[in-house]
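All the letters of the sequence shown, read from the start, carry residue numbers 1 to 90 under UniProt numbering. I have placed the structure first, in the form of structure tokens, so that the comments after it can refer back to it.
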Amino acid sequence: MKIIAVCGMGIGTSVLLKMNTEKVLRTLGIDADVEAADIGVARGMARDAEIVLTSEELAEEIGDVEAQVIVIDNFFDLDEITEKLTSALE
1 MKIIAVCGMG
11 IGTSVLLKMN
21 TEKVLRTLGI
31 DADVEAADIG
41 VARGMARDAE
51 IVLTSEELAE
61 EIGDVEAQVI
71 VIDNFFDLDE
81 ITEKLTSALE
């Protein structure tokens with residue numbers, strides 16, 4: 001499974017979201033490849049991904065992709081990431 005963590009620049013918050021997503025996936029026992037990306041690169045990367053995690057502001061900019069786009073309100077909130085990923089994977 002491929003998951004893309006997206007922020008505006010692909011440097012700070014997407015890396016934070018990537019690391020927190022990896023923590024959640026380890027806890028859930030799910031094997032996935034999580035990559036951080038900026039919004040420009042994410043559009044192309046999303047073609048090969050199952051899930052895209054991003055902020056509400058950027059969700060619409062990703063465009064029409066087959067990947068499930070999940071809005072994360074607080075990139076620090078492991079409970080929110082867990083809840084939304086678990087729901088998406090059911």
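In this text, a Cβ means the ideal position worked out from N, Cα and C, and glycines have one as well.
Contact between E60 and M45 is absent: CB atoms are separated by about 17 Å, not below the 8 Å threshold.
Look at V69 here: in three-state DSSP terms it is strand. DSSP, read as helix, strand or coil, puts I51 in strand.
The three-state secondary structure of E56, taken from DSSP, is helix. D38 has C7 as its beta-bridge partners, per DSSP.
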